[in-house]
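Visitor: Let me begin by handing over the structure; questions about it come next.
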Amino acid sequence: MTRRITITAGTARFEAQLNDTATALAIMEALPIEARASRWGGEIYFSVPVGAGIEPGAREVVQAGEIGFWLPGSAFCIFFGRTPASESDEIRAASAVNIVGRIEGNLDDLWNVPNGAKVSLREFSESL
Numbered sequence: 020m021t022r023r024i025t026i027t028a029g030t031a032r033f034e035a036q037l038n039d040t041a042t043a044l045a046i047m048e049a050l051p052i053e054a055r056a057s058r059w060g061g062e063i064y065f066s067v068p069v070g071a072g073i074e075p076g077a078r079e080v081v082q083a084g085e086i087g088f089w090l091p092g093s094a095f096c097i098f099f100g101r102t103p104a105s106e107s108d109e110i111r112a113a114s115a116v117n118i119v120g121r122i123e124g125n126l127d128d129l130w131n132v133p134n135g136a137k138v139s140l141r142e143f144s145e146s147l
């Protein structure tokens with residue numbers, strides 16, 4: 020089953036597809052979610068009201084556009100560029116994240132989302 024969400028961050032809007040993991044399902048069940056963005060280099064993250072354990076496939080090195088769930092902070096993480104933990108050209112999370120999905124389309128507008136911007140996660144709807 021395809022699980023699509025809309026992510027609004029500041030003035031930017033993105034569509035994303037969540038995978039079939041238990042963490043992604045828990046995020047879907049918690050929607051809608053509103054928070055304030057925190058920036059860590061090429062990562063936007065924010066706490067969500069979801070609890071999860073480490074899942075098979077959790078990792079520190081991720082790809083641009085991947086969405087992860089960081090267990091220590093119960094945080095939804097959007098990766099789009101190098102972070103302070105990155106080595107060379109990789110994108111590295113602070114510690115292993117459960118991979119829960121991927122943003123569709125161009126990621127460039129994520130660089131313009133400031134620290135503290137309002138973010139929201141909603142179930143995808145053509146009318147938004």
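Convert by adding 19 to the 1-based position in the sequence shown; the result is the number in my numbering.
Where is the CB? At the ideal position from N, CA and C, for every residue including glycine.
Model, not experiment: these values are computed from the prediction.
(1) Whole angstroms is fine: what's the gap from T40's alpha carbon to T27's?
(2) Measure the Cβ-Cβ separation of I152 and C96 and say whether it is below 8 angstroms.
(3) Looking at C-alpha atoms only, which residue of S93, R121 and Q82 is the closest neighbour of C22?
(4) I need the straight-line Cα distance from R58 to Y64, nearest angstrom please.
(5) For a test of the three-state rule: what should DSSP assign to A112, helix, strand or coil?
(6) Do T42 and F98 have their C-beta atoms closer together than 8 angstroms?
(7) Are the beta-carbon atoms of L44 and L140 separated by less than 8 angstroms?
(8) Could you tell me the boundaries of the beta strand (DSSP E) in which A28 lies?
(9) Within this structure, are the beta carbons of I46 and V69 separated by less than 8 angstroms?
(10) In whole angstroms, give me the CA-to-CA distance for E106 and A113.
(11) In the structure shown, what three-state DSSP assignment does N134 receive?
(12) Counting only the same chain and skipping the five closest in sequence on each side, list residues whose C-beta sits under 8 angstroms from that of E182.
Guide: Reading from the atomic positions:
(1) When rounded, the distance between both Cα atoms is 23 angstroms.
(2) Shown here, the chain extends from 20 to 147; a query on residue 152 therefore has no answer.
(3) Residue 22 is actually Arg in this sequence, not Cys. For the residues S93, R121 and Q82, the minimum Cα distance to R22 belongs to R121.
(4) In a straight line, the C-alpha of R58 is about 7 angstroms away from that of Y64.
(5) A112: strand per DSSP, three-state reduction.
(6) Cβ distance not < 8 angstroms, so T42 and F98 don't count as in contact.
(7) The answer is no: Cβ separation not under 8 angstroms.
(8) Segment R22 to A28, the beta strand (DSSP E) holding A28.
(9) In contact: I46 and V69 (Cβ atoms closer than 8 angstroms).
(10) Taking the straight line from one Cα to the other gives about 12 angstroms.
(11) In the structure shown, N134 falls within a coil segment according to DSSP collapsed to helix, strand and coil.
(12) An answer regarding residue 182 cannot be provided, because it is not within the stretch 20 to 147 covered by the chain.
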